[in-house]
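Chemist: Numbering that gives the first Met the number 0 applies: residue 0 is where the sequence shown begins, and numbers increase by one.
All C-beta atoms, glycine included, are put in the ideal place defined by N, C-alpha and C.
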Amino acid sequence: MVVRWRSRLVAAAFLVSAGLVASAPGAGANSGLWPLAPFVRSWTLTSTTAQGYSERAVLSVGRPEHYRRNLTNGGFPVGTACRLDPATDAMVPARLVIKNITKGFYLKLDVHLTSSLVGGEVDYSRRPICAMGNSAGNNLSVQSDYPLPPGRVLTTFLYFIFTDYYSPAHPQGDTALLNAPLTIAGLAAGQPTQPTTEQLVGPGATRSVQTQEQWLLAVSGRQPNRYLTWPASSSDLP
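Here it is, written out as structure tokens:
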């Protein structure tokens with residue numbers, strides 16, 4: 000599934016949304032919405048094709064939170080598209096910023112995030128999109144609708160969803176699930192016929208075994224656990 004997420008274009012370098020500052024008690028009284036705390040770690044993916052086109056993407060993530068209504072990330076309320084269980088499910092707020100760093104040429108920006116274990120909820124231009132429960136992989140692809148000039152930035156807000164993160168055995172959350180691998184790829188995924196060099200820098204960044212142009216990361220910042228299996232859902236239990 001290719002998803003063109005609702006994105007905000009800014010002409011300068013990467014910006015931090017003021018909406019991500021943690022709110023004090025009563026701060027959301029007027030709007031009824033509560034901004035989540037700031038991001039805690041990030042990864043930078045640089046992608047360059049053989050023709051010399053380049054983009055740089057920065058993925059930033061926050062801490063896992065119980066799903067609660069009215070929590071927002073960059074003005075995007077959680078639970079807008081996905082049906083989540085507040086007793087068991089956790090969501091991790093994230094932001095993806097992609098920049099055309101090609102000198103003198105327009106470029107259609109493109110980043111793909113895929114995981115068979117981690118779901119996602121994305122701020123899409125026409126409507127929010129939920130990608131969960133696909134054993135073949137929840138594919139979240141951020142693309143600009145048209146080529147953007149040098150220096151232009153595309154910013155997208157999203158949530159990573161961890162089902163059954165909370166349970167009687169892990170009332171504070173099963174942090175091992177945060178080591179689930181996420182595959183990230185830039186122009187190599189969008190232009191598979193062109194030789195592309197990609198480099199991911201950040202905590203626990205690991206090259207994919209299947210495709211060398213792709214990289215793995217885990218929102219925990221630790222080494223991604225390729226052998227991780229998900230616990231049985233509470234709905235599957237007798």
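1. Examine the Cβ distances between the segment 37 to 53 and the segment 68 to 88 and report whether three or more of them are shorter than 8 Å.
2. On the criterion of 16 or more Cβ atoms from any shown chain inside 10 Å, does D88 qualify as buried, or is it exposed?
3. Is the beta carbon of L35 sitting closer than 9 Å to the one on P92?
4. Can you confirm whether L116, when its beta carbon is compared against all beta carbons of chain C, has any partner nearer than 9 Å?
5. For the pair the segment 196 to 205 and the segment 159 to 168, tell me if three or more CB-CB distances fall below 8 Å.
6. Quick one: give me the first and last residue of the beta strand (DSSP E) that K102 is part of.
7. From T228 to Q171, what distance separates their C-alpha atoms?
8. A238 by DSSP, collapsed to three states: which one?
9. Going by DSSP, what residue range makes up the beta strand (DSSP E) through L70?
10. Taking 8 Å as the cut-off, does the segment 176 to 185 touch the segment 108 to 118 (at least 3 CB pairs, one atom from each stretch)?
11. Measure how close the beta-carbons of L181 and L153 come, nearest whole angstrom, since I'm counting them as under 8 Å.
12. Are the CB atoms of A179 and L116 nearer to each other than 9 Å?
13. Just reading off the beta strand (DSSP E) that D109 is part of, what are its end residues?
14. In terms of residues, what are the limits of the beta strand (DSSP E) holding T47?
15. Apart from the five residues on each side of it in sequence, which residues of its chain come closer than 6 Å, Cβ to Cβ, to Q213?
16. Report the partner residues of C129 according to the DSSP bridge assignment.
17. Among P223, R221, G103, T196, which one has its Cα closest to the Cα of T47?
18. Out of T43, R151, F38, point me to the one whose CA is closest to F104's CA.
19. Is it right to say R225 is buried, meaning 16 or more other beta carbons lie within 10 angstroms of its own, or is it exposed?
Modeler: With the structure as the only source:
1. no
2. buried
3. yes
4. Within the model displayed, chain C is absent; a lone protein chain is all it includes.
5. No contact exists between the segment 196 to 205 and the segment 159 to 168.
6. Neither: K102 is in no beta strand (DSSP E) and is coded neither H nor E.
7. 19 Å
8. No answer is possible for residue 238: it lies beyond the span of the chain, which begins at 0 and ends at 237.
9. 70 to 72
10. yes
11. Not confirmed; about 19 Å, so no contact.
12. yes
13. 109 to 114
14. Counting along the chain, the unbroken beta strand (DSSP E) around T47 starts and ends at 40 to 48.
15. T182, A184, S207
16. E120
17. T196
18. Closest option to F104, Cα to Cα, is R151.
19. exposed
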